[in-house]
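Under this note's numbering, read the sequence shown as residues -17 to 217, first letter to last.
The C-beta atom is built at its ideal place from N, Cα and C for all residues, glycine as well.
Report on the following structure.
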Amino acid sequence: MSIRVTELTKYFGTQKAVDGISFEAKPGRILGFLGPNGAGKSTTMRMLTGYLEPSSGTASLCGFDTQLQNLEIKRLMGYLPENTPLYTDMYVQEFLLFVGHTYGLKDVKSRVVETIAAVGLETEQHKKIGMLSKGYKQRVGLAQAIIHNPEVLILDEPTSGLDPNQLAEIRDLIKSLGKDKTVILSTHIMQEVEALCDDVIIINKGAVVANHPIAELKHLHGNASLEEIFKKLTA
Ligand code: ADP
């Protein structure tokens, strides 16, 4: 298993944002992490990346504990946070060179060229990040997440705010990345899950209410649509 989460819990003050979540994810599959706003998706993902300390429970990536083995974790995972914070004053190429250097990549220049091609940023590579459209900014976010060729990708609402064309392109890209990596992505768009994911976890009020391959989840609910199942489980 490349992601293993056991009884993960997070309190903010007295509020239990994540309530004893356990799940696993493996390579070559895309896991959709679904839940209504405020369900605890981002909080869980931030604990998975080691950026947020759990109140209790553990998370590991490829056998490394996200709290105890932070350096290894940073090397083997790529993270696209919600709302993609980027250095808007930097040029695309300059930013990716900077990120590549922070990972200590050997052939950083050629890796930047490869990554720009992988995410389809060739036409924009000489522009300032702040000048790019939302869709291209999202590609820069994905580029910084994959530049070091991580085994695990953690993507928090990777397609939020994109227009239909951008959406299709970013989904294709994620799909191709998911062929050999372990991908977990959060969303509240059901079509996204249908289009991209092999497995789905639904959380509600911080707790897991479903965890199945998509076909199995539908079968369990009398072949209802994902939308109906989601509504029923998060009502
Ligand atoms: P989701 O990503 O599913 O929309 P979040 O993980 O962002 O949900 O939030 C889960 C709950 O935790 C929400 O009620 C949110 O207000 C709360 N929360 C998230 N981050 C913080 C924080 N840093 N401090 C206090 N409360 C937080």
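Within its chain, find whatever has a CB closer than 6 Å to the CB of Ile166; leave out the 5 residues flanking it on each side and keep chain order. Ala7, Leu13, Phe15 and Ile136
Nonlocal neighbours in the same chain, by C-beta distance under 8 Å from Leu78, ignoring five residues either side: Closer than 8 Å at the Cβ level, and outside the excluded window around Leu78, lie Val94, Thr97, Ile98, Val122, Ala125, Gln126 and Ile129.
Please classify Gly160 as buried or exposed, where buried requires at least 16 neighbouring CB atoms within 10 angstroms. buried
Taking the CB atoms as reference points, tell me whether Thr169 and Pro18 lie closer together than 7 Å. no
Residue range of the alpha helix (DSSP H) that Val134 falls in? Not the alpha helix (DSSP H): Val134 falls in the beta strand (DSSP E), residues Val134 to Asp138.
Report yes if the C-beta of Thr25 is less than 6 Å from at least one heavy atom of the ligand ADP; otherwise report no. yes
Ignore the nearest five residues each way along the sequence and tell me which others in Ala100's own chain have a CB closer than 8 Å to its CB. The residues are Ala125, Ile128 and Leu155.
In whole angstroms, give me the CA-to-CA distance for Glu220 and Val191. The first residue shown for the chain is -17 and the last is 217, placing residue 220 beyond what the model contains.
Could you say if the region 31 to 46 and the region 206 to 215 meet the contact criterion of at least three C-beta pairs nearer than 8 Å? Judged by Cβ distances under 8 Å, the region 31 to 46 makes no contact with the region 206 to 215, as fewer than three pairs qualify.
Examine the ligand ADP and report whether any of its heavy atoms sits within less than 6 Å of the Cβ of Phe(-6). yes
Which one or two residues does DSSP pair with Asp47 in a beta bridge? Ser42
According to DSSP, which residues form a beta bridge with Lys(-2)? Tyr(-7)
Since I believe Ile185 is in contact with Lys23 (beta carbons under 8 Å), could you give me their beta-carbon distance rounded to a whole number of angstroms? Contact flag correct, Cβ pair sits at about 7 Å.
The region 30 to 40 contacting the region 79 to 90, beta-carbon criterion three pairs below 8 Å: no
Residue closest to Gly82, alpha-carbon to alpha-carbon, out of Asn65, Arg57, Asp145 and Pro63: Arg57
Hey, does Thr26 have any beta-carbon neighbour from chain C nearer than 7 Å? Given the protein chain composition of this structure (a single chain), no chain C is represented.
DSSP-derived helix/strand/coil call for Arg225: With the chain covering only -17 through 217, there is no way to say anything about residue 225.
Looking only at its chain, what residues have a beta carbon closer than 8 Å to the beta carbon of Ala21, apart from the 5 residues adjacent to it on each side? Ile185, Asn186, Lys187, Gly188 and Thr216, listed in sequence order.
Quick check: is any heavy atom of the ligand ADP less than 6 Å from the C-beta of Gly123? no
Reduced DSSP secondary structure (H/G/I, E/B, other) of Ile171: coil
Cβ of Ala(-1) versus every heavy atom of the ligand ADP: is any distance shorter than 6 Å? For the ligand ADP, at least one heavy atom lies less than 6 Å from the Cβ of Ala(-1).
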